[in-house]
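Residues 1 to 146 in my numbering are what the sequence shown lists, from first letter to last.
We put the beta carbon where it would ideally sit given N, CA and C, even for glycine.
What follows is one structure encoded as C-alpha cells, with my remarks underneath.
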Amino acid sequence: MLRTALRQATRTVSAMTRLSLSTNVAATSSIRLLRPVCSQLQIQRLESVEVPGPYTPPIHLTFKVVEERVLKTIRTWDRVPQDKVDQVKMESHFVNDLGLDSLDHVELIMAFEDEFGFEIPDGDAEKLMTPQAVFQYICDREDVYE
C-alpha cells in the first residue's frame with residue numbers, strides 16, 4: 001500500500017514537472033503541492049510501525065515470586081503423579097518423594113529453563129534435586145533480592 005502510494009506520488013510529480021516545463025509553470029510549485037501528501041504518507045507509515053520480536057521488559061523477581069514459579073512449574077508439569085501434586089513442598093526430593101526418574105529430572109530442569117528463560121548447565125542440573133535447590137540456584141543466578 002505504501003509502495004503504491006509512493007509510486008503514485010512519484011508519477012504525479014513527474015507528470016506535473018513535465019506539464020510545468022511545457023506551460024512555463026514553475027516546477028517547484030507542483031512539488032510544494034505534493035509535499036503535504038508525502039509527509040502525511042510518512043507519518044502514517046511511522047505510526048504503523050510495531051516493534052517485532054519476543055522482547056519483554058524484565059520482570060522484577062523477588063524470593064516469593066521465584067518460589068511460587070518453581071512450585072507452579074513442578075505442580076503443572078504433566079509427569080508429576082497427581083496424588084503427589086499436593087505434597088510438593090520446597091523440601092521435597094524429586095526422586096525420593098515425588099518418584100521421578102533421571103529422565104523426568106532432566107525434563108523438569110528443562111521446564112525450569114523454559115519458565116525462567118535461561119539455560120542450566122548439565123553439571124549444575126545434576127545437583128538440583130529439590131525445589132529448594134532450584135530456588136537457591138535461580139536466586140543466585142538472577143541476583144534476586146527483596
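Next item on the list: Rounded to whole angstroms, what's the CA-CA distance from glutamine 82 to leucine 71? Just pull it up for me.
Entry: The count along the sequence shown starts at 1 and reaches residue 82 at position 82. The count along the sequence shown starts at 1 and reaches residue 71 at position 71. The alpha-carbon atoms of glutamine 82 and leucine 71 are separated by roughly 14 Å.
Checklist line | Under 9 Å between C-beta atoms of phenylalanine 118 and threonine 73 | finding: Start at 1 with the first residue of the sequence shown, and residue 118 comes out as number 118. Start at 1 with the first residue of the sequence shown, and residue 73 comes out as number 73. Not closer than 9 Å, so no.
Note to self: Using C-beta distances below 7 Å, list every residue in its chain close to glutamate 68, excluding the 5 sequence neighbours before and after it, in chain order.
What the structure shows: On the sequence shown, position 68 is the one that residue 68 refers to. Cβ neighbours of glutamate 68 beyond the five flanking positions: none.
Check: Going by other Cβ atoms of all chains shown within 10 Å of its Cβ, with 16 needed for buried, is threonine 76 buried or exposed?
Finding: Here residue 76 refers to the residue found at position 76 of the sequence shown. By the 10 Å Cβ count, threonine 76 comes out exposed.
Check: Mind checking whether aspartate 104 and phenylalanine 94 have CB atoms under 9 Å apart?
Finding: In the sequence shown, counting from the first residue as 1, residue 104 sits at position 104. In the sequence shown, counting from the first residue as 1, residue 94 sits at position 94. Cβ distance < 9 Å, so aspartate 104 and phenylalanine 94 count as in contact.
Notebook entry, point to check: Can you give the Cα-Cα distance for serine 92 and leucine 98, rounded to whole angstroms?
Noted result: What you label residue 92 is simply residue 92 of the sequence shown in a count that begins at 1. What you label residue 98 is simply residue 98 of the sequence shown in a count that begins at 1. Their Cα atoms are separated by approximately 7 Å.
Next item on the list: Keeping to the same chain, check which residues put their C-beta closer than 8 Å to that of glutamate 146; ignore five residues upstream and five downstream.
Entry: Against the sequence shown, residue 146 aligns to sequence position 146. Around glutamate 146: Thr62, Phe63.
Next item on the list: Answer with buried or exposed for proline 131, where buried requires no fewer than 16 other C-beta atoms within 10 angstroms of its C-beta.
Entry: The count along the sequence shown starts at 1 and reaches residue 131 at position 131. Burial call: buried.
Next item on the list: Compare the C-alpha of methionine 90 against each of Asp122, Asp101, Glu142, Gln136 and name the closest.
Entry: The residue labelled residue 90 in the question sits at position 90 within the sequence shown. Closest by alpha carbon: Gln136.
Next item on the list: Can you have a look at isoleucine 59 and say buried or exposed, based on whether 16 or more other CB atoms are within 10 angstroms of its CB?
Entry: Counting from one through the sequence shown, the residue named residue 59 turns up at place 59. Exposed, by the Cβ-count rule.
Check: Closest to leucine 102 by CA distance: which of Val85, Asp122, Asp140, Val88 is it?
Finding: Walking along the sequence shown from the start, residue 102 turns up at place 102. As written in the sequence, residue 102 is serine, which differs from the leucine given in the question. Here the closest residue by C-alpha is Asp122.
Next item on the list: Could you please give the first and the last residue of the uninterrupted alpha helix (DSSP H) stretch that includes glutamine 136?
Entry: Indexing the sequence shown from 1 puts residue 136 at position 136. Element bounds for glutamine 136: 131 to 141.
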